[in-house]
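Chains A and B, in that order, are what the protein sequence lines are. Straight run, no breaks: the first sequence in the numbering used here ends on number 332. Straight run, no breaks: the second sequence in the numbering used here ends on number 379. Below: the structure, in structure tokens.
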Amino acid sequence: MRFAWNETQQSFAATVADVLARACDPAAVRAVWEAGDGPVVLPAWAALADLGVLDALVPPDAGGLGLQPVDLVPVARVTGRAALPGPFVEHTFVAAAVLREPGVRATAALGPAGPVAHVVDVEVVVTTDGERLVAVGRDALRIEPVRSVDHSRRLARIHWDPAAARELGGPAEVAAAFDRGVVGFASQLVGLGEALLERTCRYVTERHQFGVPVGSFQAVKHKLADVAVALEFAAPLVARAAWSLSCGDPLASVHVSMAKAAAADAAELAARHALQCHGAIGYSWEYDLHLWLKRVWALSRTWGDAAWHRERVAREILEVPDADEPDGEERR
Amino acid sequence: MDLTWSPEEEAFRAEVRTWLAEHVPAEPLPSGDTREGFARHLAWERELYEARWSVVSWPARYGGRDASVWEWLIFEEEYHRAGAPQRVTQNGIFLLAPALFTFGTPAQQDRYLPPMASGAETWCQGWSEPEVGSDLAGIRARAVRDEAGGGWRLSGQKTWTTRGAFCTHLFGLFRTDPAAERHRGLTYFLVPLDAPGVTVRGFGRLDGDEGFAEVFFDDVFVPDDAVLGEVGEGWKVAMATAGSERGLTLRSPGRFLATASRLVQLWRRVGRDADPALRDAVVRGLIGAEAYAAQTLQVVTRIVDGARPGPEASLAKVFWSELDVALHDTALRLLGADGELDGTWMRGFEFALAGPIYAGTNEIQRNVIAERLLGLPRR
């Protein structure tokens with residue numbers, strides 16, 4: 001038993017964090033916002049490709065790093081902290097792992113994913129026709145752009161001719177790919193929440209009212225303490241879910257849904273309190289806070305919101321009869 | 001990251017589970033917060049001790065098994081899973097013992113640990129006073145030097161002392177230097193409650209059981225070796241204990257996993273006829289218990305790596321205490337009108353409501369989190 005990231009996992013994430021610190025500052029995120037559905041160079045994407053991050057889950061014999069989802073959780077967290085625009089999770093956790101064609105840029109939409117992010121930025125979409133896991137080339141898609149509250153998501157609804165779809169697997173592959181994506185988003189949500197908490201702590205320490213930092217008031221402290229608690233207990237669920245996926249635990253899907261539900265709730269709480277503790281400056285378009293807020297609002301909902309994932313846990317756990325102690329009486 | 005148990009740990013779990021299956025009383029014992037129930041619980045503690053399960057993580061010479069912290073976690077999980085009785089010895093074993101292991105002299109350890117393990121001596125905590133709750137450093141009970149007698153004379157009052165009316169000993173903070181800065185003038189004492197000048201009066205908790213006591217000290221003499229740690233260092237010793245109370249040792253994840261599991265069983269029995277929103281609430285509780293268990297594995301890994309418990313314990317204290325209330329609240333709502341009955345879930349709810357209050361209120365914990373972990377400015 002050892003619940004900690006190993007040195008390789010940590011240094012991989014630290015390397016990515018360095019790249020993002022250089023290539024993905026808020027101005028770079030805003031550039032994607034402002035591009036609409038037009039052409040834009042996704043920040044840090046080329047550097048991440050050079051590092052092998054984007055093909056990390058591809059087996060070595062197909063030209064990837066052959067890592068497991070658990071190895072990528074700290075990396076995804078770092079991309080969340082930076083509010084990295086682009087289909088990082090869809091590509092790296094989902095599509096690349098099943099396409100096994102390093103260099104091919106892809107996005108994905110599975111389960112209750114909703115509209116697809118970054119279709120305009122990719123060559124292939126990995127999705128499902130309800131049964132099979134399929135890849136559809138961008139040229140074979142009819143794309144109906146829709147706008148997310150987070151403009152950098154470059155969302156679209158997609159339609160395709162089934163004949164144009166290439167089969168990648170059956171229902172088991174759909175389920176596994178979906179769970180990998182959900183873990184990736186859950187980890188990004190933890191990172192987003194952490195970034196919001198840190199930014200807000202800095203702000204309330206600098207901002208003075210009544211002659212003192214507003215962060216010295218208990219009403220502010222207690223909100224941010226609640227955010228710290230929520231993130232502290234969401235993060236281990238994400239790590240555990242990724243571990244379960246990586247070693248084929250029979251309860252992996254339950255663990256994945258627990259992770260997304262907890263991470264979405266924690267990040268939403270972080271967003272809510274971050275805005276409140278910033279006050280009017282946080283409500284201003286020119287101020288960067290909303291780049292993180294809106295990513296939280298988007299990712300907490302995509303690929304199943306917290307209620308959807310709790311319902312999946314309910315179906316797996318509550319509906320199973322259990323002969324052991326059937327009365328539900330508590331003893332102390 | 002390796003979330004698997006070793007074959008040795010699995011064997012330990014099997015041994016614990018087998019023993020508990022054979023020994024846990026078939027019927028729940030009466031409340032350990034009544035005189036009769038306390039005695040029945042002590043008999044159970046004796047049974048645990050004789051099979052060397054009462055203090056698994058302690059050295060064998062004090063009645064333990066030298067179990068690793070991982071094995072301790074496994075024991076706790078199995079103990080709660082089996083629905084075994086509450087530990088009426090917990091304030092000694094889980095709160096005082098860690099301080100004794102850290103700050104006690106070898107003579108004190110040899111004197112106090114074996115009878116604590118066997119339940120022959122039982123300990124209550126003397127911190128709160130009528131005027132001292134959250135502001136613990138404001139303690140007024142005093143200890144005055146008795147040079148001639150070679151010890152100290154205690155006076156003052158402690159209150160809200162859990163199971164004080166049934167225990168044999170009290171560990172507590174007393175002011176030894178009224179002139180010093182208030183955190184520095186405190187000393188940690190180990191006091192037998194049958195010492196001349198001690199008066200104990202039990203009183204009812206929220207649930208009506210006599211689980212509380214007020215303890216009066218009227219010029220009570222204790223010798224020098226009743227001091228744990230250095231004179232004037234009581235705050236430091238007490239905070240070491242506070243880390244235990246807020247975090248790991250008092251509230252092991254097994255307890256909440258067991259409560260969540262019983263909540264799931266209750267839902268299976270009555271949930272389909274209840275408010276559909278309660279289905280979501282049950283799952284929230286289950287996720288909370290799993291989150292606490294997973295976070296504990298992370299904390300224990302850090303402890304194994306040599307970290308000392310610090311202000312992070314406040315994160316856990318806020319989380320488990322609010323989780324416990326939520327689990328019981330959900331169960332009571334599932335029970336509908338029957339929820340008002342003075343039954344096990346209502347008793348559990350009343351007990352859970354103490355969680356956000358004791359061991360430092362959750363408001364104090366949030367201040368600790370904000371100031372010491374997040375670095376927000378003090379007032």
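By construction, the Cβ of each residue, glycine as well, lies at the ideal position given by its N, Cα and C atoms. Predicted model, so just to flag it, every value in this text is computed and none were measured.
Inclusion of residue 86 of chain A and residue 121 of chain A in the CB contact set at 8 Å is warranted, their separation being smaller than that value.
Residue 301 of chain A and residue 61 of chain A have their C-alpha atoms some 36 Å from each other.
Residue environment analysis places residue 356 of chain B among the buried positions, since at least 16 neighbouring C-beta atoms fall within 10 angstroms of its C-beta.
Taking 3 residues as the shortest admissible run, the stretch 151-201 of chain B contains the following complete beta strand (DSSP E) segments, listed from N- to C-terminal end: 151-158, 169-175, 186-192.
Residue-level contact by beta carbon fails for residue 295 of chain A and chain B, as no gap is shorter than 8 Å. When DSSP states are grouped into helix, strand and coil, residue 52 of chain A belongs to the coil group. No Cβ of chain B is located within less than 8 Å of the beta carbon of residue 194 of chain A.
Listed along the chain, the chain B residues whose CB falls inside 8 Å of the CB of residue 205 of chain A are 375, 376, 377. Contact between residue 56 of chain A and residue 23 of chain A fails: their C-beta atoms lie close to 18 Å from each other, not under 8 Å.
Annotation for residue 169 of chain A: the continuous beta strand (DSSP E) segment containing it runs 165-169. Going by DSSP, residue 142 of chain A is part of no alpha helix (DSSP H) but of the beta strand (DSSP E) stretching over 141-145.
By the criterion of a C-beta distance shorter than 6 Å, residue 270 of chain B is surrounded in its chain by 334, once the five residues flanking it on both sides are discounted. When the alpha-carbon of residue 104 of chain A is set against those of A:117, A:126, A:113, the nearest one is in A:126. Rounded to the nearest whole angstrom, the CA to CA distance from residue 292 of chain B to residue 252 of chain A is 18 Å.
The beta carbons of residue 117 of chain B and residue 62 of chain B sit about 6 Å from each other, so the pair counts as a contact at 8 Å. Residues of the stretch 206-223 of chain A with a Cβ closer than 8 Å to any Cβ of chain B, in chain order: 212, 213, 215, 216, 218, 220, 221, 222. The beta carbon of residue 151 of chain A sits closer than 6 Å to the beta carbons of 33 from its chain, once the five residues preceding and following it are set aside; these are given in chain order.
In the DSSP annotation of this structure, the continuous segment of the beta strand (DSSP E) that includes residue 142 of chain B starts and ends at 142-146. Closest by C-alpha distance to residue 24 of chain B, out of B:35, B:150, B:40, is B:40. Contiguous alpha helix (DSSP H) elements confined to the stretch 83-152 of chain B occur at 97-103, 106-118, taking only those with 4 or more residues. Contact with chain A is found for residue 369 of chain B, since one of that chain's Cβ atoms lies less than 8 Å from the residue's Cβ. By the rule that beta-carbons nearer than 8 Å mark a contact, residue 318 of chain A touches chain B. Taking residue 199 of chain B as reference, the option from B:233, B:164, B:178, B:59 with the minimal CA-CA separation is B:164. Of all C-beta pairs linking the stretch 291-311 of chain A to the stretch 27-47 of chain B, fewer than three are shorter than 8 Å, placing the two stretches out of contact. In the three-state reduction of the DSSP assignment, residue 318 of chain A falls in the coil class, being assigned neither a helical nor a strand state.
Of all residues in the stretch 289-306 of chain B, the ones placed with a Cβ closer than 9 Å to any Cβ belonging to chain A are 290, 291, 292, 293, 294, 295, 296, 297, 298, 299, 300, 301, 302, 304, 305, in chain order. Interface flag for residue 3 of chain B against chain A is set, since a Cβ pair is found closer than 8 Å.
When rounded, the separation of the alpha-carbon atoms in residue 340 of chain B and residue 67 of chain B is 42 Å.
Distance from the CA of residue 140 of chain B to the CA of residue 216 of chain B, rounded to the nearest whole angstrom, comes to 12 Å.
Rounded to the nearest angstrom, the Cβ distance from residue 9 of chain A to residue 71 of chain A is 5 Å, consistent with a contact under 8 Å. Under DSSP, residue 279 of chain A shares a beta bridge with no residue.
Looking only at B:174, B:74, B:268, the smallest Cα-Cα distance to residue 226 of chain B is reached by B:174. For residue 237 of chain A, same chain residues with a beta-carbon under 7 Å away, outside a window of 5 residues either side, are 258, 259, 262 in chain order.
Residues of chain B with a Cβ closer than 8 Å to the Cβ of residue 277 of chain A do not exist; the shortest Cβ-Cβ separation is about 10 Å.
The C-alpha of residue 221 of chain A lies about 43 Å from the C-alpha of residue 96 of chain A.
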